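Respectively, the protein sequence lines represent chains A and X. First residue of the first sequence? That's 1 in the working numbering, and the numbers climb one at a time after it. First residue of the second sequence? That's 1 in the working numbering, and the numbers climb one at a time after it. Virtual Cβ for every residue (Gly too), placed ideally from N, Cα, C. Nothing here was measured: the structure is a model prediction, and the numbers come from that model. Everything on this sheet refers to the single structure shown next.
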Amino acid sequence: MNEFPLVIENLSFQYRSRPELAIEAVTFSLRQGEMLLVAGSSGCGKTTLARCINGLIPRSYGGTRQGNVLLNGKEVAEMSLVQVAQVVGTLLQDPERQIVASNVYNEIAFGPENLGLPRDEIMARVEQVLKRLKIEHLRNRDTFTLSGGEKQKVALAGLLVMRPSILLLDEPLASLDPASAHEALAVFRSLADEGASIVLVEHRVEDALAARPDRLLYMNAGRIQYLGQIDDLPPSIDHHQVKLPAQWVVRRAQQTQEFVLPVSAPAAEKDAEVLVAFEQVGFAYGPDLPQVLHNVNLQIRRGDMIAVLGPNGAGKSTLVKHAIGLLKPVSGRVLVKGKDTRELSVAQVARTLGYVFQSPTHMLFAPSVREELAFGPQNLGFSKEEIARNIRESVQTVNLAGFEEYPPLGLSFGQQKRTTIASVLAMQSSIMVMDEPTAGQDYANYTRFMDAMCHAEGTKKSLLSENFAATLFITHDIDLAVTYANRVLLVSNGTLLADGCPEEILSDFALLESCRVRPSSLLRLNLELLPKTGKFLPAEALVQYVA
Amino acid sequence: MLVSWKYRPRNTFIQRLDPRSRLIFLACVILSLTIPNIWDIRLIFPLFLLTLTLYLLAQIEWKDVRRAWLFIFFLIFFIVGLNGMLSGRGGPTSVMNDTSAPLFTLPVYFPGTTWGFSLEITLVRIVFAITQMTRMLSMAILALPLPYTMDPNIYGVAFRKMGVSDKVSFTMDLAFRFLPTLARDLSITIDAQRARGYEMDSLKGGIVARLRRLAPLIVPVTMQSTVTGEEVIDAMDLRAFGTAPRTWLKDLHFARRDYLFIALGVSIFVAFCVLKWGFGIGEFWIPPALVAGLN
Chain A
1 MNEFPLVIEN
11 LSFQYRSRPE
21 LAIEAVTFSL
31 RQGEMLLVAG
41 SSGCGKTTLA
51 RCINGLIPRS
61 YGGTRQGNVL
71 LNGKEVAEMS
81 LVQVAQVVGT
91 LLQDPERQIV
101 ASNVYNEIAF
111 GPENLGLPRD
121 EIMARVEQVL
131 KRLKIEHLRN
141 RDTFTLSGGE
151 KQKVALAGLL
161 VMRPSILLLD
171 EPLASLDPAS
181 AHEALAVFRS
191 LADEGASIVL
201 VEHRVEDALA
211 ARPDRLLYMN
221 AGRIQYLGQI
231 DDLPPSIDHH
241 QVKLPAQWVV
251 RRAQQTQEFV
261 LPVSAPAAEK
271 DAEVLVAFEQ
281 VGFAYGPDLP
291 QVLHNVNLQI
301 RRGDMIAVLG
311 PNGAGKSTLV
321 KHAIGLLKPV
331 SGRVLVKGKD
341 TRELSVAQVA
351 RTLGYVFQSP
361 THMLFAPSVR
371 EELAFGPQNL
381 GFSKEEIARN
391 IRESVQTVNL
401 AGFEEYPPLG
411 LSFGQQKRTT
421 IASVLAMQSS
431 IMVMDEPTAG
441 QDYANYTRFM
451 DAMCHAEGTK
461 KSLLSENFAA
471 TLFITHDIDL
481 AVTYANRVLL
491 VSNGTLLADG
501 CPEEILSDFA
511 LLESCRVRPS
521 SLLRLNLELL
531 PKTGKFLPAE
541 ALVQYVA
Chain X
1 MLVSWKYRPR
11 NTFIQRLDPR
21 SRLIFLACVI
31 LSLTIPNIWD
41 IRLIFPLFLL
51 TLTLYLLAQI
61 EWKDVRRAWL
71 FIFFLIFFIV
81 GLNGMLSGRG
91 GPTSVMNDTS
101 APLFTLPVYF
111 PGTTWGFSLE
121 ITLVRIVFAI
131 TQMTRMLSMA
141 ILALPLPYTM
151 DPNIYGVAFR
161 KMGVSDKVSF
171 TMDLAFRFLP
181 TLARDLSITI
191 DAQRARGYEM
201 DSLKGGIVAR
211 LRRLAPLIVP
221 VTMQSTVTGE
231 EVIDAMDLRA
241 FGTAPRTWLK
251 DLHFARRDYL
261 FIALGVSIFV
271 AFCVLKWGFG
281 IGEFWIPPAL
291 VAGLN
């Protein structure tokens with residue numbers, strides 16, 4: 001076997017449709033059994049580098065490529081896709097995008113079937129991989145019924161069965177809950193220990209550290225800015241671009257003398273006006289189907305900034321769909337401003353509660369941002385003057401002024417997400433509900449987005465507090481709860497396990513573990529400094545409290 | 001990611017059959033009615049009873065297929081049936097050139113105006129509508145259970161083993177699963193737009209206005225489908241699909257019952273051809289008793 005299965009020499013690539021180089025003069029090699037973490041913000045060239053390694057460049061993406069990509073000594077451009085597929089196994093960001101077969105066994109067998117291997121060998125390989133990843137119990141399951149973590153293991157099995165010497169993992173943690181992400185990282189580590197060479201592309205460096213990568217390659221504007229040991233990162237690596245452990249951020253902020261005001265949402269008030277009330281709510285999607293919600297009691301009050309945490313499939317989305325009236329409880333009732341949602345249409349509830357779905361592509365349809373934003377208010381019967389005013393204010397609020405005549409589907413993902421927020425702002429609902437507001441965005445973009453939405457300064461309220469009486473967001477990222485929420489709900493198996501202020505709920509690690517939520521370094525540091533700070537703060541704001 | 005139909009394994013005669021024999025039998029029934037152009041209810045009705053029996057043997061739960069049947073009933077009764085009764089279109093020459101005395105006249109006028117016309121309903125057209133609906137139902141009742149009673153894992157191999165190429169077979173596999181995926185995306189989009197105050201019942205106005213009101217559903221679903229399609233292609237490319245002759249892990253074998261089932265289908269086709277072209281049986285037929293009753 002080759003000592004360096006992957007060697008990249010002076011690699012540059014320019015897409016046909018773009019004037020600038022996507023990557024420039026990239027050179028590195030990967031040892032057998034080495035795990036290389038590739039990090040950098042959106043547009044730094046990570047994806048282009050991955051496409052050069054798995055052969056999609058130059059096959060599927062046109063442009064000019066210079067330099068060499070050698071797989072076991074052979075230039076990738078001179079290899080057929082069948083040959084590349086047997087050397088490089090690519091795990092895509094979202095396992096849903098990778099799975100093509102309807103059943104787990106067939107999904108794993110898909111690659112070897114395409115290689116035309118004998119039937120006995122395919123079956124032997126599938127059995128071996130099922131065992132290796134400890135997913136034998138999934139073999140007969142339909143792929144679309146799997147949980148996020150299971151889907152990823154099946155997608156990974158579909159690669160391992162091809163016996164590649166290099167694994168290219170493109171942001172593999174993005175769609176997993178924290179516990180599943182941790183399990184996945186342990187599997188990656190063990191594969192590297194067994195001799196696989198791994199390129200792990202991930203902007204959440206803190207999470208990826210659990211897999212103990214051997215080196216970090218940090219990219220910026222298409223070039224390698226740093227390649228070396230992880231615990232020896234130079235200060236030039238911007239902690240706003242990739243997620244670093246909180247202690248590292250504090251150290252860097254100290255070095256660069258970055259000073260952030262200790263601001264966060266004002267504490268939730270327990271006697272504030274109740275806007276939405278869940279009373280003994282139970283729900284199942286059908287009479288023969290299992291119960292998804294069990295006796296949920298909950299009140300959303302004025303001033304609340306609620307983070308809903310819990311594993312995939314816990315019932316978080318089902319819970320919030322009850323608040324908007326998209327689902328009606330089988331038992332108990334949901335009251336929106338005192339009225340039972342069973343007696344209200346969804347449009348009527350929408351006047352009180354605006355719901356931003358996870359994926360903008362499920363919402364956006366209009367030929368211009370202006371028309372997109374007018375859609376909700378028009379449905380609710382606003383006057384033309386009101387609609388014009390609301391659109392004007394909303395685009396300014398989410399920093400989209402000047403984009404009014406642009407087609408929303410032609411905007412970047414972050415801008416699309418802001419368009420969906422603006423479309424709810426324009427409806428002037430009093431409560432904002434967001435399902436995974438940071439999904440599909442990289443660290444730099446989502447922290448900028450959440451800061452823009454939730455950041456309050458001095459006497460100035462945050463954008464969300466200014467425009468909404470209460471906000472509720474579903475998330476897998478515990479740091480969002482630490483940084484922005486004044487109330488946390490923990491949901492598991494359709495039950496509301498805990499409800500209270502972040503400082504109280506997130507300090508109970510046993511409780512968090514039961515909801516597959518893993519404490520982050522920011523949470524641990526905040527808990528350590530809590531006697532001094534009195535409340536949770538973002539990492540940069542903790543600088544002044546660290547001795 | 002594509003989702004699958006609501007398939008569940010059942011220990012029934014229909015599900016024990018090889019999927020190829022079911023597809024061949026379906027083709028035989030469709031060809032029996034269309035190639036020799038059979039319009040005689042005396043031939044069509046027994047065939048309908050046979051396909052109904054096969055449907056009942058599949059033991060599909062009504063709640064699983066309720067929506068699909070409502071759609072088919074709507075299509076057959078309101079479009080095929082009414083069209084047949086009112087215009088006779090799509091029927092044999094004797095129906096198209098019907099000159100029999102009308103049983104009654106149906107006035108169709110725009111409300112409050114004198115614009116419109118009167119439709120003359122004849123016995124010929126009523127019998128034709130019933131014949132046409134039975135003909136369509138005979139085929140639909142055989143096709144509808146397929147996605148609910150055929151394992152999604154053998155869609156592709158069923159076509160491959162009938163001599164279709166690897167690429168086309170897998171395309172058929174993906175196409176079969178496309179419809180439920182579309183339904184899932186549509187349901188998410190409907191929820192997303194309802195949360196913005198959109199109401200399906202507010203689809204008022206002319207065709208253009210209605211289509212404009214449907215844009216909030218059609219555009220996101222189309223975009224989502226395009227994205228899903230591209231994702232599936234990338235995922236297949238990265239796992240070397242289509243670069244070499246493929247091994248299909250699942251193998252299919254005909255049993256005795258499959259040969260008998262195919263023989264039954266072929267016999268029906270041959271019998272209908274012989275009856276029509278050899279004996280002239282199969283033209284549009286009206287029960288003489290009905291005609292006599294009218295006279």
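1) Per DSSP, what are the beta-bridge partners of Ser423 (chain A) in this structure?
2) Using the rule of at least 16 other Cβ atoms within 10 Å of the residue's Cβ for burial, across every protein chain shown, is Lys6 (chain X) buried or exposed?
3) In three-state DSSP terms, what is Glu371 (chain A)?
4) Let me check understanding here. Comparing Cα to Cα, which of A:Val482, A:Arg59, A:Glu528 lies closest to Pro502 (chain A)?
5) DSSP puts Phe28 (chain A) in a beta bridge; with which residues?
6) Can you check which of these residues, A:Ser492, A:Ala541, A:Pro538, is closest to Gly313 (chain A) by C-alpha distance?
7) Near Ile122 (chain A), what residues of its chain come up, given a Cβ to Cβ distance below 7 Å and the 5 sequence neighbours on each side ignored?
8) At the 9 Å Cβ level, is Asp64 (chain X) part of the contact set with chain A, yes or no?
9) Pop quiz: Val199 (chain A) and Ile237 (chain A) are said to be a contact at Cβ under 8 Å. What is the actual Cβ separation, rounded to whole angstroms?
10) Which of helix, strand or coil does DSSP assign to Phe78 (chain X)?
11) Beta-carbon of Thr171 (chain X) versus every beta-carbon of chain A: anything under 9 Å?
12) In chain A, what lies closer than 8 Å to Ala296 (chain X) by C-beta?
13) Report back the beta-carbon spacing between Val346 (chain A) and Ile474 (chain A) to the nearest angstrom; my notes put them in contact at under 8 Å.
14) Arg301 (chain A): buried (16+ other C-beta within 10 angstroms of its C-beta) or exposed?
15) Where does Thr113 (chain X) land, buried or exposed, given buried means 16+ other C-beta within 10 angstroms?
16) Quick check on Ile306 (chain A): does DSSP put it in helix, strand or coil?
17) Listed in chain order, which residues of the segment 64 to 88 of chain A have Cβ atoms closer than 7 Å to some Cβ of chain X?
18) Using the rule of at least 16 other Cβ atoms within 10 Å of the residue's Cβ for burial, across every protein chain shown, is Thr34 (chain X) buried or exposed?
19) What is the DSSP secondary structure of Phe365 (chain A), reduced to helix, strand or coil?
20) Is there a Cβ from chain X that is less than 9 Å from the Cβ of Ser368 (chain A)?
21) Closer than 8 Å by beta-carbon distance: list the chain X residues that pair up with Arg551 (chain A), in chain order.
22) Select from A:Met427, A:Ala186, A:Gly338, A:Leu138 the residue whose C-alpha is nearest the C-alpha of Glu372 (chain A).
23) Check whether chain A comes within 9 Å of Val241 (chain X), counting only Cβ atoms and requiring the distance to be less than that.
24) Between A:Gln93, A:Ala101, A:Ser423, which lies nearest to Lys250 (chain X) when the distance is taken from Cα to Cα?
25) Is the beta carbon of Phe468 (chain A) sitting closer than 9 Å to the one on Gly354 (chain A)?
26) Should Gly195 (chain A) be labelled buried (16 or more other beta-carbon atoms within 10 Å of its own) or exposed?
27) If I'm right that Pro407 (chain A) touches Thr419 (chain A) with Cβ under 8 Å, what's the distance once you round it to whole angstroms?
28) Contact between the segment 497 to 514 of chain A and the segment 330 to 337 of chain A: three or more CB pairs below 8 Å?
29) First and last residue of the beta strand (DSSP E) that includes Tyr61 (chain A)?
30) According to the neighbour-count rule (16 or more other Cβ atoms, all chains shown, within 10 Å of its Cβ), is Met219 (chain A) buried or exposed?
31) Does the CB of Thr189 (chain X) have a neighbour CB from chain A at under 9 Å?
32) Mind reading off the beta-carbon distance from Val95 (chain X) to Met136 (chain X)? Whole number of angstroms is fine, and I expect it under 8 Å.
33) Do Phe48 (chain X) and Thr134 (chain X) come within 9 Å of each other at the CB atom, strictly closer than that value?
34) So is Ile297 (chain X) in contact with chain A if we call contact Cβ pairs under 9 Å?
35) Rounded to a whole number of angstroms, what is the C-alpha to C-alpha distance between Phe188 (chain A) and Ala124 (chain A)?
36) Give a yes or no on whether the C-beta atoms belonging to Ile8 (chain A) and Val69 (chain A) are separated by under 9 Å.
In short, the structure shows the following:
1) Against the first sequence, residue 423 (chain A) aligns to sequence position 423. In DSSP, Ser423 (chain A) forms no bridge with anything.
2) Translated into positions along the second sequence, residue 6 (chain X) becomes position 6. With fewer than 16 other Cβ atoms within 10 Å, it is exposed.
3) On the first sequence, position 371 is the one that residue 371 (chain A) refers to. In the three-state reduction of the DSSP assignment, Glu371 (chain A) falls in the helix class.
4) One-based indexing of the first sequence puts residue 502 (chain A) at position 502. Out of A:Val482, A:Arg59, A:Glu528, A:Val482 has the C-alpha closest to the C-alpha of Pro502 (chain A).
5) Start at 1 with the first residue of the first sequence, and residue 28 (chain A) comes out as number 28. For Phe28 (chain A), DSSP records a beta bridge to A:Ile8.
6) On the first sequence, residue 313 (chain A) is found 313 positions in, with the first residue counted as 1. The alpha carbon of Gly313 (chain A) has as its nearest neighbour, out of A:Ser492, A:Ala541, A:Pro538, the alpha carbon of A:Ser492.
7) Counted from its first residue, the first sequence places residue 122 (chain A) at position 122. Annotation for Ile122 (chain A): Ala109, Pro112, Glu113 place their beta carbon closer than 7 Å to its own, counting only its chain and skipping 5 residues before and after.
8) Here residue 64 (chain X) corresponds to residue number 64 of the second sequence, with the count starting at 1. Among the CB atoms of chain A, none fall inside 9 Å of the CB of Asp64 (chain X).
9) The sequence position of residue 199 (chain A) within the first sequence is 199, counting from 1. The sequence position of residue 237 (chain A) within the first sequence is 237, counting from 1. Not quite, the Cβ-Cβ distance comes to about 19 Å (not below 8 Å), so this is no contact.
10) Numbered from 1 along the second sequence, position 78 holds the residue referred to as residue 78 (chain X). Reduced to three states, the DSSP call for Phe78 (chain X) is helix.
11) Looking up residue 171 (chain X) in the second sequence gives position 171. No, because no Cβ of chain A sits closer than 9 Å to the Cβ of Thr171 (chain X).
12) Outside the displayed range of chain X (1 to 295) lies residue 296 (chain X), so it cannot be described from this structure.
13) For the purposes of this step, residue 346 (chain A) is taken as the residue at position 346 of the first sequence. For the purposes of this step, residue 474 (chain A) is taken as the residue at position 474 of the first sequence. No, Val346 (chain A) and Ile474 (chain A) are not in contact; Cβ-Cβ is about 19 Å, not under 8 Å.
14) As a first step, residue 301 (chain A) must be located in the first sequence, where it is residue number 301. With 16 or more Cβ atoms within 10 Å of its Cβ, Arg301 (chain A) is classed as buried.
15) The residue you call residue 113 (chain X) lines up with position 113 of the second sequence. Counting C-beta atoms within 10 angstroms of its own C-beta, Thr113 (chain X) has fewer than 16 neighbours from the protein chains shown and is therefore classed as exposed.
16) Residue mapping note: residue 306 (chain A) aligns to position 306 of the first sequence, counting from 1. The answer is strand: DSSP assigns Ile306 (chain A) an E or B state.
17) Of all residues in the segment 64 to 88 of chain A, Ser80, Leu81, Val82, Ala85 have a Cβ within less than 7 Å of some Cβ in chain X.
18) For the purposes of this step, residue 34 (chain X) is identified with residue 34 of the second sequence, where counting begins at 1. Exposed.
19) Numbered from its first residue, the first sequence carries residue 365 (chain A) at position 365. Coil.
20) Numbered from 1 along the first sequence, position 368 holds the residue referred to as residue 368 (chain A). No, Ser368 (chain A) does not count as interfacial toward chain X.
21) Residue 551 (chain A) cannot be examined here, being either before or after the span of chain A that is shown, 1 to 547.
22) Residue numbering aside, residue 372 (chain A) sits at position 372 when the first sequence is read from its first letter. Selected option, being the one with the closest Cα: A:Met427.
23) As a first step, residue 241 (chain X) must be located in the second sequence, where it is residue number 241. Strictly speaking, residue 241 (chain X) in this sequence is Phe, with Val absent from that position. Judged by the 9 Å Cβ criterion, Phe241 (chain X) is in contact with chain A.
24) Looking up residue 250 (chain X) in the second sequence gives position 250. Distance check between Lys250 (chain X) and each of A:Gln93, A:Ala101, A:Ser423 places A:Ala101 closest, using alpha-carbon atoms only.
25) Numbered from 1 along the first sequence, position 468 holds the residue referred to as residue 468 (chain A). Numbered from 1 along the first sequence, position 354 holds the residue referred to as residue 354 (chain A). Yes, Cβ-Cβ distance for Phe468 (chain A) and Gly354 (chain A) is below 9 Å.
26) By one-based count along the first sequence, residue 195 (chain A) stands at place 195. Its Cβ having fewer than 16 others within 10 Å, Gly195 (chain A) is exposed.
27) Sequence index remark: in the first sequence, residue 407 (chain A) carries index 407 (1-based). Sequence index remark: in the first sequence, residue 419 (chain A) carries index 419 (1-based). Between Pro407 (chain A) and Thr419 (chain A) a beta carbon distance of about 10 Å is seen, past the 8 Å cut, so the two are scored as non-contacting.
28) Output reads no: the segment 330 to 337 of chain A does not touch the segment 497 to 514 of chain A.
29) Taking the first residue of the first sequence as 1, we reach residue 61 (chain A) at position 61. From DSSP, Tyr61 (chain A) is part of no beta strand (DSSP E); its letter is neither H nor E.
30) By 1-based counting over the first sequence, the position of residue 219 (chain A) is 219. Here Met219 (chain A) is buried: its Cβ has 16 or more other Cβ atoms, across all protein chains shown, within 10 Å.
31) Numbered from 1 along the second sequence, position 189 holds the residue referred to as residue 189 (chain X). With 9 Å as the cut-off, Thr189 (chain X) counts as an interface residue toward chain A.
32) Counted from its first residue, the second sequence places residue 95 (chain X) at position 95. Counted from its first residue, the second sequence places residue 136 (chain X) at position 136. Val95 (chain X) to Met136 (chain X), Cβ: 15 Å. No contact.
33) Taking the first residue of the second sequence as 1, we reach residue 134 (chain X) at position 134. Taking the first residue of the second sequence as 1, we reach residue 48 (chain X) at position 48. In this structure, the beta-carbon distance from Thr134 (chain X) to Phe48 (chain X) falls below 9 Å.
34) This structure does not reach residue 297 (chain X), given that chain X is present from 1 up to 295, and the question cannot be answered.
35) Position 188 of the first sequence, counted from the start, is the residue given in the question as residue 188 (chain A). Position 124 of the first sequence, counted from the start, is the residue given in the question as residue 124 (chain A). The C-alpha of Ala124 (chain A) is placed about 22 Å away from the C-alpha of Phe188 (chain A).
36) Taking the first sequence and counting its residues from 1, one reaches residue 8 (chain A) at position 8. Taking the first sequence and counting its residues from 1, one reaches residue 69 (chain A) at position 69. For Ile8 (chain A) and Val69 (chain A), yes; Cβs fall inside 9 Å.
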